[in-house]
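In the working numbering, the protein residues as written are 1250 to 1343.
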């Protein structure tokens, strides 16, 4: 199976309730045939998807950083990849 097929399968699995972690996705993206040097991690305040409601608004700043974001960044670094942290800030205008 090609890496893009593995990624699509993991997305299908996730849609069917099978847990897919950020580490699984990083492993797929870091596979040799993709030649990936940089990974972009998006950080959203609020996400509602098939896994439920989540995002950084559901955590304290320390909890989110030390238990979610930093482990993903460290895993990328261990795999010799650069990381872009794309922090999404939503501002509601009234």
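Note that beta-carbon positions come from the ideal geometry of N, C-alpha and C, so glycine has one too.
Query	Result
Quick one: complete beta strand (DSSP E) runs, 3+ long, within the stretch 1267 to 1310?	1287 to 1292, 1296 to 1298, 1301 to 1303
Are the Cβ atoms of residue 1330 and residue 1292 separated by less than 8 Å?	no
Using the three-state DSSP reduction, which class does residue 1337 fall into: helix, strand or coil?	coil
Measure the Cβ-Cβ separation of residue 1289 and residue 1319 and say whether it is below 8 Å.	no
Hey, residue 1337 and residue 1294: beta-carbon distance below 8 Å or not?	yes
When we look at the beta-carbon of residue 1277 and count the other beta-carbons within 10 Å, is it buried (16 or more) or exposed?	buried
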